[in-house]
Every structure is written in structure tokens, then in C-alpha cells.
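**Q** The structure that follows is given in the form of C-alpha cells.
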Amino acid sequence: MYYIDPHIHMVSRTTDDYETLAKMGCVALSEPAFWAGFDRGSVDSFRDYFRQLTETEPKRAAQYGIQHFTWLCINAKEAENVSLSREVIAMIPEFLDRPNVLGIGEIGLNKNTKNEATIFLEHVDLAVRHDQQILIHTPHLEDKYQGTRMILDMLCGDTRIQRHRVLVDHVEEHTIGPVLDAGFWAGMTLYPVTKCTPQRAADMIERFGPERLMANSAGDWGPSKPTAIPDLILELRRRGHSEAAIRRVVYENPRTFFEQSRHFAFVAPENR
Amino acid sequence: MSRTADQVLEQEFLQVRAKILEIAAFFDRLSEGGAVTNEQQLRLLRDGSTILNDGADEKAARVQLLFSRQYESNWREKFGV
Chain A
1 MYYIDPHIHM VSRTTDDYET LAKMGCVALS EPAFWAGFDR GSVDSFRDYF
51 RQLTETEPKR AAQYGIQHFT WLCINAKEAE NVSLSREVIA MIPEFLDRPN
101 VLGIGEIGLN KNTKNEATIF LEHVDLAVRH DQQILIHTPH LEDKYQGTRM
151 ILDMLCGDTR IQRHRVLVDH VEEHTIGPVL DAGFWAGMTL YPVTKCTPQR
201 AADMIERFGP ERLMANSAGD WGPSKPTAIP DLILELRRRG HSEAAIRRVV
251 YENPRTFFEQ SRHFAFVAPE NR
Chain B
1001 MSRTADQVLE QEFLQVRAKI LEIAAFFDRL SEGGAVTNEQ QLRLLRDGST
1051 ILNDGADEKA ARVQLLFSRQ YESNWREKFG V
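Each protein sequence line maps, in turn, to chains A and B. Its first residue numbered 1, the first sequence is counted upward by one per residue in the working numbering. Its first residue numbered 1001, the second sequence is counted upward by one per residue in the working numbering.
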């Protein structure tokens, strides 16, 4: 089955991973900007990173028939450096016309601090002013519920936001309901220990239905599995879900969401 | 597509049995290791395992909330943002 991974950090993965993803049916992916594992020191460091996301990775992916799309921001982990964050936000428009840029992301909260909220709101304002879609990171573990509610407060408090153009990622059992109820898209991240297993993701699909719901591997430089979506496909098949129902979650939903971005020039495998 | 309770039980019995054993063995290791200084963390684990057997629904969401920091609706006023 063809699928799209809507959240994966390929700058952290080897070229062999691109090959494996292609063999398992991945035909497109989107890569939000995120934390490098250390705090970057200057706006030029981000400028180089954005060049990697918009120039290098699309070429690497294309070697294996995978279309690469991306999102730009400074990650919430670096938002405590407010002055650097503002420099990066001011620089991002240099890249918004690059052909694989889908929007602003993954913005969000990490430890739910005042500075993180301030920089989140400034990213949202940037997205609105440039008519960009938004991809949102929700915090980890004990911070997730509080942070997700804070993010929803900020989004719902801005009347300019088009909720159908916002993806709130890393939802779990206690946050998926408020996100979907508010009219946003929701993403489930398949991390075995700190987020969601394929089994629990399948439970949420059965409970909430496939509307505005997608799944991702969020594969990066930490413990993660870039081929997690095929694991979910297998789990759904084991439970007796139809191929059409599975395809909706892992292929059609990300495609429908991304098609709201003017740069999503996706060519389906059957039309290549 | 939803499975019947019988199907869920039949298909997942062994996996869940193994997970319960892992938790039981963890508590054995804990008691053999002497006193715990982080009692709050231990209480969370004990409260979490109580939810598994309390007869009410929404177990996964309630376990998640048990391990979550509280949300305060007036946070924006506090932060001034």
C-alpha cells in the first residue's frame, strides 16, 4: 500500500532509510523543522538548515521516488532564546516561496513556559500574515495535556486562524478529543515508549473515526522507527479494516490536508 | 470496523498476559530493592495500576491524565501573553 509520512525528520536519517521507506510504500513525506539535539547559535545556522530542508533533502528523497515537503520554524526547545527566535522568524519569509515548503512548523510548546507561548504566538502571526498552513508540536509526557490545552487556547483565541489548515500533532488518548472537537486536524505519532503504539493508534482510529486524523513516524535522531506507519497498516489489517479505510488514514488524509498548501505539487504514483 | 470483545480477548490475551507479568515483576524488583525515596513517583504507578481494575471506562485517557500536569484556564493572565 502506498502511504505518506506527514511528519519525519530525514536530515537525521541515512540514505538507506529513504530506500527502505520507498520499498515499504512511502511515496511522499513532510519534514517539519525541529531541534538538532543542541541549541543552534545564530540565525545563519537556521538559514543553512532551511537550505538543507529545501535543497538537499528533496534531491536525496527523489532518488528513491519519494517527494519531499517541509515546514519551517524555530523549535519550541529554542524559544527561551527570544531574541534569536525573533531573528529566525524574521528570516523565514526568505524561504516561503521555495517549491517544497508547505507552511510553518513544527511550532508548539515544550515545557509550557511564557517565552515558548510568546514565540508560538509570533509564529502563528507569521503564518497568518503569509497565508501559510501550520503544523504544531504538542509537548511530551506529563507536559502534553497542559501544553495541548494552552495551544488550543491560543489558536482558538485568534479569529484569523482557519482551523482546517492546522495540524496538531502527537495527540494521544487524553488530547485527541479536544483537538478534533475544535475543528483541527490531528496527528498520532508512533513512538513505542513516549507516545503511541500502533495498537493504541488503531484504537483511536476506531474510536474517533478517520475524519481529520493521520499517523506519522516522527522518525528523527532519537529512539524512533521511520517505518512505523507500515506497522500501523499491519495492525489495522489484523483487525479486519478494509484496504480503503486504511488508505484513507495513511495516504488520502495527509494528501487532503497538504493540498491546502499552494506548494503541494504531489504527483500520485499512478500518474508518474 | 470494530472487533467483538471475544475477538479482542482471543487475539490479545498472550500479549496482555506478558505485559501484566512485566508489571508484576517490576513491583517484585522494587520491593526487593529496599525503600523508595521518590514516593510520589511510586504512588503514580500504584494509582495507575488501580485504574486498570476499577471497572470504569476510558482507562487509557484516565491513566494519561493521572501522569499529566494540571491545566489552569487562566494561564494567559498569569503569563501576560
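Glycine is no exception: its CB is placed at the ideal position from the N, C-alpha and C atoms.
Here's a check: name, in chain order, each residue in its chain whose Cβ is nearer than 8 Å to the Cβ of Leu167(A), leaving out the five neighbours to either side.
**A** Walking along the first sequence from the start, residue 167(A) turns up at place 167. So the qualifying residues of the chain are Pro6, Gly105, Gln133, Ile134, Leu135, Ile136, Phe184, Trp185, Ala186, Gly187, Met214 and Phe257.
**Q** Relative to the C-alpha of Cys73(A), which residue among Gly65(A), Glu55(A), Glu57(A) and Leu102(A) is closest?
**A** Here residue 73(A) corresponds to residue number 73 of the first sequence, with the count starting at 1. Of the candidates Gly65(A), Glu55(A), Glu57(A) and Leu102(A), the one whose C-alpha sits nearest the C-alpha of Cys73(A) is Leu102(A).
**Q** Within 7 Å (strictly less), CB to CB, does Ala182(A) reach chain B?
**A** Locating residue 182(A) in the first sequence gives position 182, counting from the first residue. Chain B, which has no Cβ nearer than 7 Å to the Cβ of Ala182(A), makes this no.
**Q** Who are the neighbours of Arg1076(B) on chain A, taking C-beta pairs under 7 Å?
**A** In the second sequence, counting from the first residue as 1, residue 1076(B) sits at position 76. By Cβ distance, chain A contributes Asp153.
**Q** Can you say whether Trp71(A) is buried or exposed, counting buried as having 16 or more other CB atoms within 10 angstroms of its CB?
**A** Here residue 71(A) refers to the residue found at position 71 when the first sequence is read from its first residue. Trp71(A) should be labelled buried.
**Q** According to DSSP, simplified to helix, strand and coil, what is Gly105(A)?
**A** As a first step, residue 105(A) must be located in the first sequence, where it is residue number 105. Strand at Gly105(A).
**Q** Check whether chain B comes within 7 Å of Glu235(A), counting only Cβ atoms and requiring the distance to be less than that.
**A** If you number the first sequence from 1, residue 235(A) lands on position 235. Answer no: the Cβ-Cβ gap between Glu235(A) and chain B never drops below 7 Å.
**Q** With contact counted as at least three CB pairs below 8 Å, one residue from each stretch, are the region 115-123 of chain A and the region 1028-1047 of chain B in contact?
**A** In short, these stretches do not touch, since the Cβ pair count stays below three.
**Q** Which residue wins for smallest C-alpha separation from Arg13(A), given the options Phe95(A), Arg160(A), Ile151(A) and Arg60(A)?
**A** Taking the first residue of the first sequence as 1, we reach residue 13(A) at position 13. Among Phe95(A), Arg160(A), Ile151(A) and Arg60(A), the Cα nearest to that of Arg13(A) belongs to Arg60(A).
**Q** With DSSP as the reference, label Trp221(A) as helix, strand or coil.
**A** Within the first sequence, the letter at position 221 stands for residue 221(A). Note: Trp221(A) maps to coil in three-state DSSP.
**Q** My output table needs one value for Leu29(A): the three-state DSSP class, helix, strand or coil.
**A** As a position in the first sequence, residue 29(A) is number 29, starting the count at 1. If DSSP states are grouped into helix, strand and coil, Leu29(A) belongs with the strands.
**Q** Just to check my reading of the structure: Glu116(A) and Ala79(A) have Cβ atoms closer than 8 Å, yes? What is that Cβ distance to the nearest angstrom?
**A** Counted from its first residue, the first sequence places residue 116(A) at position 116. Counted from its first residue, the first sequence places residue 79(A) at position 79. Their Cβ separation, rounded to whole angstroms, is 5 Å, which keeps Glu116(A) and Ala79(A) in contact under 8 Å.
**Q** Quick test of your reading: Glu8(A) and Ser217(A), contact by CB under 8 Å. State the CB separation rounded to the nearest angstrom.
**A** Taking the first sequence and counting its residues from 1, one reaches residue 8(A) at position 8. Taking the first sequence and counting its residues from 1, one reaches residue 217(A) at position 217. Going by the sequence as given, residue 8(A) is Ile instead of Glu. With 8 Å as the limit, Ile8(A) and Ser217(A) qualify as a contact, their Cβ atoms being about 5 Å apart.
**Q** Evaluate Gly1080(B) with the Cβ neighbour count: other Cβ atoms within 10 Å of its Cβ, from every protein chain shown; 16 or more gives buried, anything less gives exposed.
**A** The count along the second sequence starts at 1 and reaches residue 1080(B) at position 80. Exposed, by the Cβ-count rule.
**Q** Give a yes or no on whether the C-beta atoms belonging to His174(A) and Gln1064(B) are separated by under 7 Å.
**A** Taking the first residue of the first sequence as position 1, residue 174(A) is located at position 174. Taking the first residue of the second sequence as position 1, residue 1064(B) is located at position 64. Contact flag set, yes.
**Q** I want to verify the contact list: residues of chain B whose CB lies under 7 Å from the CB of Ala117(A), in sequence order.
**A** Along the first sequence, one-based indexing puts residue 117(A) at 117. Simply Phe1079 and Val1081.
**Q** List the residues of chain A whose Cβ lies closer than 8 Å to the Cβ of Arg1069(B), in chain order.
**A** Against the second sequence, residue 1069(B) aligns to sequence position 69. By Cβ distance, chain A contributes Asn112, Glu142, Asp143, Tyr145 and Gln146.
**Q** Runs of 4 residues minimum, wholly inside the region 166-224 of chain A: which ones carry the alpha helix (DSSP H) assignment?
**A** Listed in chain order, they are 176-181 and 198-208.
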